[in-house]
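Taken in sequence, the protein lines are chains A and B.
Here the first sequence stands for residues 1 to 447, numbered as in this note's numbering.
Here the second sequence stands for residues 1 to 947, numbered as in this note's numbering.
Every residue gets a Cβ at the ideal spot worked out from N, C-alpha and C, and that includes glycine.
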Amino acid sequence: MSPDGIRSSHSSTPGSGAPGSGSQVEVDVLAAMRKPGALYWFLLLVCGSLFMVGMALWAYQMTRGMGVAGITHPVGWGVYITNFVFWVGIAHSGTLISAVLFLFRAGFRRSFNRSAEAMTVFAVMTAGLFPLIHLGRSWYFFWLFPYPTQRLLWTNFKSPLMWDVFAVSTYFTVSAVFFFIGMVPDLAIVKRFSSGVRKWFYSALSLGWKGSQVQWKHYNQLYMFLASFATPLVVSVHSVVSWDFAMSIVPGWHTTIFAPYFVAGAIFSGTAMVITLVVPMRRILKLERYITIDHFESIAKILLFTSLIVTYAYIVEYGLAFYSGSVYEIGIFKYRTFGHYRFYYYGMLLFNALVPMTLFVRSLRRNLPYLFILSILVNIGMYLERFVIIVSSLAKEYSPYAWGTYKPTMVEVGITLGSFGFFFTMFLLFTKLLPVLSVTEIKEESH
Amino acid sequence: MNRRDFMRIMGVTSGATFLSSCGLERPAEKLIPYLVPPEDGIVPGQAVYVKTTCMECPAHCGISAKVRESMPVKLEGLSAHPINEGGLCMRGQASLERLYHPERVKSPLLRDSEGNFKHITWDRAYDMILEALKASVQRPIGSPGGKPGRKNLYLSGRTTGTLSRLIDEFCKELDIERLPEFDFYSYAAIREAYRILFDKPEVPSYKIDRADFMLTIGADILETFVSPVSHAAQFSRAKRTGHFSWFHVEPHVTLTGLQADERFSIVPGSEAYLLAYLLKHCSARTDKFKQRMIDLMPEIGVEAAAEKSAISQAHLERIAQRLSHAKNPLVIAGGVATQQEGGLEIAFLAGLLQWQMGMAGRTIDFAGSTDYDAVGTFKDLLSLSERLEKDEVSVLFVSNTDPLSSCPESYKLRDNLRKAALTVGITDLLTETMQECNLILPLSHSLESWGDTSPNKKLMTLLQPAIEPLFDTKSEGDMMLGIMRRGVRESRAVIYQQYIFESWARDHGGAAVEAFLQNGFLEKRIGVRVLKSRPSLSTVESFLKRLHLPEPKSGPTLVISPSIRSYDGRSSVLPMLNEVPDPLTTISYGQWVSISEADARELELKDRDEVRINLDGWSVELPVKIQPGLRRSVMVVQQGSARWHLQVDERSGEAISRINGVSFEKTGRTVQIPILSGSTSQEGRGVIPRPGEVHHPREEGGRSIYPEPDYPEYRWAMAIDLDLCIGCAACAVACHIENNVPLVGKEEHLKGREMSWLRIEPYYEKQRILGKREHSHFLPMMCQQCDYAPCEPVCPVYATYHNPEGLNAQIYNRCVGTRYCSNNCPYKVRRFNWFDHDRPKPLDRMVNPDVSTRDRGVMEKCTFCVQRIRGAKDAAKDEGRKVRDGEVIPACAQSCPTQAIVFGNILDPNATVYKWAHSDRAYRTFDHLGTGPGVYYLSKGRTKHES
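This is the structure we're talking about:
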């Protein structure tokens, strides 16, 4: 490989079919793919190490037993399932931004869509690890798939966990295909500017894209189709995830508002994650010209809107418990408010309901450092929300004898950090290996 | 190569590999054969039941040891046994662990000069003993020139029957003085009181089933007192008649007390006032003699009694009224009431009341009294210590008893034990006392030995081996014979088995021995021992004249209560009894002190906060557990769970279990003790309905979008009568052993990861219902085998599914461990294997081969002992019939001393479970959730018995 990998686009010859050659967009976007600096390597090392540590801890958990985690009786699900829901939630706004906003012709999506889609794919991958990690016998994970066996064993389609298997795997497949298809014209551009192994790599990925009229026609049709296909998945996947809880009879879980509540929460947290990722990316990769304050303001509005939905759901939950007259439901919500996990609960209210209210102020919506900090707070708040819902409901179920509390152990914390390590490793690799902005779409916009 | 060649070569090579791998590389393990092979041969996979006797406590219940492939794997109460009638308590169930205890002494041990034990041979051990015995005659006492001939002494735990006679013979032969036996609960005050009254220093048998009203004072009759399983069985029968009521008076709170119809909390030490009051007001004054007795009594009016005892006048009058109106009253004073200063007076007054009201011979049986004749008291222990100190003792045998663990420090027994020239310990485990001995002779478990016992004077029970000794151990009888044969003479019997068979034949005749071996017990035809018609007036008079009713002391009082789990502490070595929690507090591992809610409020104490208890410069620090129902400034600790500052009553020699004048203070620390219950209150959830208020659920149907479960032949169901359940947790231990439920230890318990499939949930309620101030409930909770089980639809791999007989079957091999089933179970009865649980050798042999052991990552739960259902169905199929009612008895129901659990096919209208389930009292827990449980509970508030 050449030391630089990407040749300077100034010296390049015009590529076949590319609309305009060596344009400023290409220069800027492809510059981001240049040989990384020390900071990049350092971050990659940190994230990669975190991931490796997480994997090692998982191996330890498998050999010793689930007991090394803090989950217990009666709290059979803890941080692992929280992570699962959290990461699936993160995944959501990727699809929302790229597919839903595409269908709504929202122009500002172009600045975010590539990184949002990448985030989706990586977040689903991360999320998908957790159902495996939380299994008592992870090595038999394939029993969750319906495959023909001699022993006539089949899976239980009544189980929401089974629906999960399909929802998540479908979502992953569609997101990955959508991500990849959207990138094909850009990959062809990258191919033009690269040499050596990279050239071979990108030419393979670009599937022989020439940019011909016919190709564009097919491309647009397919992209529209996938966007339409992915949009309902935003709703369905997180609805199914919420049914993991809502289909049970656990007080605090068993409620009909869970699906919309979770979908809104997912978009909320995902949007926050997009901000968290894009703000530094824009700065580091010098993409200020393409990702503007206006764009951030638009996305901040989504954040505010979903925050209001989530807040509404919080209120409705209490209403449901109050009107249910059920001692169990009321007990759970009292416990949530005043019990062991009350500070997590207060944190969740503060970060998800109160702090985002500040986005009604226009200047704050346009203040990038503020948005960045807020997005992190929302991420924390949404993590706490999932933790509170999962753990506090299980801690005080029906039988008072079996009440108990849960505290995560270092293994769980380590694996959780490992999942962040995995996600950011993937994202760092993405920023250097793939075009972080949709070159073609930005060009389209500027024309 | 053609196919035939291939097969030929493969056959030869694989055969050769197979043969060579069978070589001598691994030493052949010793197979342990049956000592007494079953008559129709050993069939692998088929259990053999050996009738023998439980030796864990002095009650000596009859047991049937289930032997599979030559290993005893479970003990069950022997049905139709005159003591326990088929039930077995938690200690009895767990005593199997004594056989397989990892720390068992495996061969004779000798302490070397450095104080370490090393293995020696039996011959060497015998020679040492004989030499020492011989030398004792020649060595002078104390300084040289003193008079020759030091004494050899024999101290044993309570022994009865032939063994006791053989020990006498042994002692006589070898010039050894046999000391009074030592047992912590020696009932010294009770025996002394009966000695004064009737010249019979005995512990009578109590005939609860013959009583229509029972008043118990301090006696924990259902836990440790004399013969708890027998009492529980009788209590159950009495209760079923519908004309039985029971009042209990105690200074603290016991499981027993909470089972009484009414429980009265009394000021510690004031029991004598109550008894004196009752004597005055209930005794028949039928003749002059009785009149005279009553006249001698100090005048205790209802006001005085109420003032001293803090039982209200109305209540006192009610007790007196119920007692005097009863046709067959029974009064039992014992336990902590007689183990205190003034305990002798209490026992005496109780004895007098019993006699005055004519209970003796009707509800109190002296003819079948429990055999405590040879048991001494702490006074004898003190005299032993003094003799040791004076250097009068040469060889001291300490057999199967552990006085050091409870003996007061002031006796200096520990130091003095070292002064004997040779202390020979006969034991199965190195207890505190045994660690001070020079020579240890390893004792076989009762399941490895022949023998007999005499639980009471009417009864002889059989001890027969279920297995050959696991280690190089011998029964005590064999040791005696061995020493005698080696030393003195050729004894007539070579082995103890021969000795006892000869002895039985001589005493009872051949036919009786046949029946004895067949039944496991023999009811002796002994002459009716008639009580003296009346106590001697002069002794009673002199006692009553000297009678000084002790003034109840105010201030904090520490009550040392016997423990249902460890008896006097001896059973705490059994791992199972630490794993299964104390039913009152749900504390499993560790020590604690129970305090009242009032004291907790005053000192601002929460559960697990540490307090320091001080008494005369001695102090102990313990975490607290708040016990509802406990009276203010009374604290309760359990005997044997730690060293208490033991005091001894000098008149009777009884250990004192009520300590006045303690002070307690908060240390500010908290101690992590596993309290398994999340709440002692039902929190308004109606787990148990209020007595008499069974809520009948709405009509069934329309509950599910899935088809109704269809049960073609059987729907297994269980019914539990909470009116009969005494919360003793025998079922929990039985379940543990039957189902190979692993023991996980304290650390896991602290995290809430106990594995018990069956637990006793205690609930305490304060509302006044039906005139009763306090309510306590003990709810045995296991998998409810729901019709619409919430655990089933959520399992993604069908590891749990509904079988056609109504069970929520759990397929361990299919489970991937999502734990969703456990989350979705409202009863929280599913247990997850957080780790692989090792069983330390040789406990790994104590597994039921019918139940697979579970690996890490797998969910497990109660399946109504599906292995037993399977066995019964197989037997029924062989005979071409359906399973009969009562043919399947799950381990919990089998063990239940009160037979509060019935099991069967609820589709059969003639089945007992059907009748119980259709009782007016029947309800199901959380029925309103629509789970359709297969376990029916019969709420309290029995009016008359249904079945």
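Query raised in the report: Does the ligand ADP have even one heavy atom less than 7 Å from the beta-carbon of residue 444 of chain B?
Result: Questions concerning the ligand ADP fall outside what the structure shown contains, since it holds no ligand whatsoever.
Report task. Check whether the Cβ atoms of residue 255 of chain A and residue 306 of chain A lie closer than 8 Å to each other. Result -> In the first sequence, residue 255 of chain A corresponds to position 255, counting from 1. In the first sequence, residue 306 of chain A corresponds to position 306, counting from 1. Contact: no.
Query - Closer than 8 Å to chain B by CB, residue 152 of chain A - result: In the first sequence, the residue the question calls residue 152 of chain A occupies position 152. Answer no: the Cβ-Cβ gap between residue 152 of chain A and chain B never drops below 8 Å.
Requested in this report: Classify residue 622 of chain B as buried or exposed, calling it buried when 16 or more other Cβ atoms lie within 10 Å of its own Cβ.
Outcome: For the purposes of this step, residue 622 of chain B is taken as the residue at position 622 of the second sequence. Buried.
Report task. Return the residues of the region 783-799 of chain B that lie within a Cβ-Cβ distance of less than 7 Å from chain A, sorted by chain order. Result -> 790, 793, 794, 795, 796, 797 and 798
Query raised in the report: Who pairs with residue 808 of chain B in a beta bridge, going by DSSP?
Result: Here residue 808 of chain B corresponds to residue number 808 of the second sequence, with the count starting at 1. Residue 808 of chain B is bridged to B/802.
Query raised in the report: For residue 135 of chain B, which of B/124, B/121 and B/152 has the nearest alpha-carbon?
Result: To locate residue 135 of chain B, count along the second sequence from 1; it is residue 135. Cα-wise, what sits closest to residue 135 of chain B is B/152.
Query raised in the report: What separation, rounded to the nearest whole angstrom, lies between the Cα atoms of residue 461 of chain B and residue 81 of chain B?
Result: Position 461 of the second sequence, counted from the first residue, corresponds to residue 461 of chain B. Position 81 of the second sequence, counted from the first residue, corresponds to residue 81 of chain B. Approximately 9 Å, taken between the alpha carbons.
Query raised in the report: In the region 388-408 of chain A, which residues sit with their C-beta less than 7 Å from some C-beta in chain B, listed in chain order?
Result: 394, 397, 398, 399, 400, 401, 402, 403 and 404
Query raised in the report: If you drop the 5 nearest sequence neighbours on each side, which residues of the same chain put their C-beta closer than 7 Å to that of residue 328 of chain B?
Result: Position 328 of the second sequence, counted from the start, is the residue given in the question as residue 328 of chain B. Contacts found: 210, 211, 212, 362 and 363.
Query raised in the report: What are the boundary residues of the alpha helix (DSSP H) that residue 319 of chain B is part of?
Result: Walking along the second sequence from the start, residue 319 of chain B turns up at place 319. Residues 313-325.
**Report entry** Nonlocal neighbours in the same chain, by C-beta distance under 6 Å from residue 815 of chain B, ignoring five residues either side
**Finding:** In the second sequence, residue 815 of chain B corresponds to position 815, counting from 1. Only 799, 858 and 859 meet the Cβ criterion.
Query raised in the report: Are the beta-carbon atoms belonging to residue 301 of chain B and residue 550 of chain B less than 8 Å from one another?
Result: Locating residue 301 of chain B in the second sequence gives position 301, where the first residue counts as 1. Locating residue 550 of chain B in the second sequence gives position 550, where the first residue counts as 1. Cβ distance not < 8 Å, so residue 301 of chain B and residue 550 of chain B don't count as in contact.
Query raised in the report: Where does residue 305 of chain B sit, in a helix, a strand or coil, going by DSSP?
Result: Here residue 305 of chain B is taken as the residue at index 305 of the second sequence, counted from 1. Here residue 305 of chain B sits in helix by DSSP.
Query raised in the report: Considering residue 152 of chain B, what are the terminal residues of the beta strand (DSSP E) in which it resides?
Result: Within the second sequence, numbered from 1, the residue matching residue 152 of chain B stands at position 152. Run containing residue 152 of chain B: 151-156, per the beta strand (DSSP E) assignment.
Query - Contact with chain B by residue 374 of chain A, beta-carbon distance below 8 Å - result: By one-based count along the first sequence, residue 374 of chain A stands at place 374. Output row for residue 374 of chain A: interface = no.
Query raised in the report: So, using beta-carbon positions, are residue 219 of chain B and residue 337 of chain B closer together than 8 Å?
Result: Start at 1 with the first residue of the second sequence, and residue 219 of chain B comes out as number 219. Start at 1 with the first residue of the second sequence, and residue 337 of chain B comes out as number 337. Contact flag set, yes.
Query raised in the report: Helix or strand or just coil, what does DSSP make of residue 906 of chain B?
Result: Locating residue 906 of chain B in the second sequence gives position 906, counting from the first residue. DSSP places residue 906 of chain B in coil when its eight states are reduced to three.
**Report entry** residue 437 of chain A and residue 290 of chain A closer than 8 Å at C-beta
**Finding:** Residue mapping note: residue 437 of chain A aligns to position 437 of the first sequence, counting from 1. Residue mapping note: residue 290 of chain A aligns to position 290 of the first sequence, counting from 1. Yes.
Requested in this report: Measure from the C-beta of residue 158 of chain A to each C-beta in chain B and report whether the shortest distance is under 8 Å.
Outcome: The count along the first sequence starts at 1 and reaches residue 158 of chain A at position 158. Residue 158 of chain A counts as touching chain B.
Query raised in the report: Whose C-beta lies closer than 8 Å to the C-beta of residue 681 of chain B among residues of the same chain, with five residues either side of it excluded?
Result: Taking the second sequence and counting its residues from 1, the one referred to as residue 681 of chain B is at position 681. Only 763, 764 and 765 meet the Cβ criterion.
Query raised in the report: From residue 221 of chain B to residue 256 of chain B, what distance separates their C-alpha atoms?
Result: Locating residue 221 of chain B in the second sequence gives position 221, where the first residue counts as 1. Locating residue 256 of chain B in the second sequence gives position 256, where the first residue counts as 1. Going by the C-alpha atoms only, they are around 7 Å apart.
**Report entry** Span separating the alpha-carbon of residue 120 of chain A from that of residue 59 of chain A
**Finding:** In the first sequence, counting from the first residue as 1, residue 120 of chain A sits at position 120. In the first sequence, counting from the first residue as 1, residue 59 of chain A sits at position 59. Rounded to whole angstroms, residue 120 of chain A to residue 59 of chain A spans 26 Å at the Cα level.
**Report entry** residue 686 of chain B - containing alpha helix (DSSP H), residue span
**Finding:** Here residue 686 of chain B refers to the residue found at position 686 when the second sequence is read from its first residue. Taken as a continuous stretch (DSSP letters only), residue 686 of chain B belongs to no alpha helix (DSSP H), as it is neither H nor E.
Report task. Classify residue 13 of chain A as helix, strand or coil using the three-state DSSP reduction. Result -> Sequence index remark: in the first sequence, residue 13 of chain A carries index 13 (1-based). Below a pLDDT of 50, predicted positions are generally treated as unreliable, and residue 13 of chain A, at 37, falls in that range; no measurement from the model is reported.
**Report entry** Same chain only: Cβ atoms within 6 Å of residue 64 of chain B, ignoring 5 sequence neighbours per side
**Finding:** As a position in the second sequence, residue 64 of chain B is number 64, starting the count at 1. Once the five neighbours on either side are set aside, the close Cβ partners of residue 64 of chain B are 49, 51, 76 and 78.
**Report entry** Reduced DSSP secondary structure (H/G/I, E/B, other) of residue 374 of chain B
**Finding:** Along the second sequence, read from residue 1 onward, the residue named residue 374 of chain B stands at position 374. Correct three-state label for residue 374 of chain B: coil.
Requested in this report: Provide the residue span of the beta strand (DSSP E) that contains residue 560 of chain B, from first to last.
Outcome: Sequence index remark: in the second sequence, residue 560 of chain B carries index 560 (1-based). Its beta strand (DSSP E) spans residues 557-561.
**Report entry** Host alpha helix (DSSP H) of residue 619 of chain B (start-end)
**Finding:** For this step, residue 619 of chain B is matched to residue 619 along the second sequence. It is not in any alpha helix (DSSP H) - residue 619 of chain B instead sits in the beta strand (DSSP E) that spans 618-626.
Query raised in the report: Looking at C-beta atoms only, is the number of pairs between the region 81-97 of chain B and the region 723-737 of chain B that lie closer than 8 Å three or more?
Result: yes
Query - residue 197 of chain B versus residue 592 of chain B: straight-line alpha-carbon distance, rounded - result: In the second sequence, residue 197 of chain B corresponds to position 197, counting from 1. In the second sequence, residue 592 of chain B corresponds to position 592, counting from 1. Between residue 197 of chain B and residue 592 of chain B, the C-alpha separation is close to 39 Å.
Query raised in the report: Are at least three pairs of beta-carbons, each pair with one atom in the region 248-267 of chain A and one in the region 360-373 of chain A, less than 8 Å apart?
Result: no
Query raised in the report: Going straight from the alpha carbon of residue 61 of chain B to that of residue 450 of chain B, what length do you get?
Result: Residue numbering aside, residue 61 of chain B sits at position 61 when the second sequence is read from its first letter. Residue numbering aside, residue 450 of chain B sits at position 450 when the second sequence is read from its first letter. Approximately 16 Å, taken between the alpha carbons.
**Report entry** Buried/exposed call for residue 741 of chain B, threshold 16 Cβ in 10 Å
**Finding:** Numbered from its first residue, the second sequence carries residue 741 of chain B at position 741. Residue 741 of chain B comes out buried.
Query raised in the report: The beta strand (DSSP E) spanning residue 461 of chain B covers which residue range?
Result: What you label residue 461 of chain B is simply residue 461 of the second sequence in a count that begins at 1. It spans 459-463 - the beta strand (DSSP E) in which residue 461 of chain B sits, taken as one unbroken run.
Requested in this report: Using the Cα positions of residue 53 of chain B and residue 138 of chain A, report the straight-line distance between them to the nearest angstrom.
Outcome: If you number the second sequence from 1, residue 53 of chain B lands on position 53. If you number the first sequence from 1, residue 138 of chain A lands on position 138. The straight-line gap from Cα to Cα measures roughly 47 Å.
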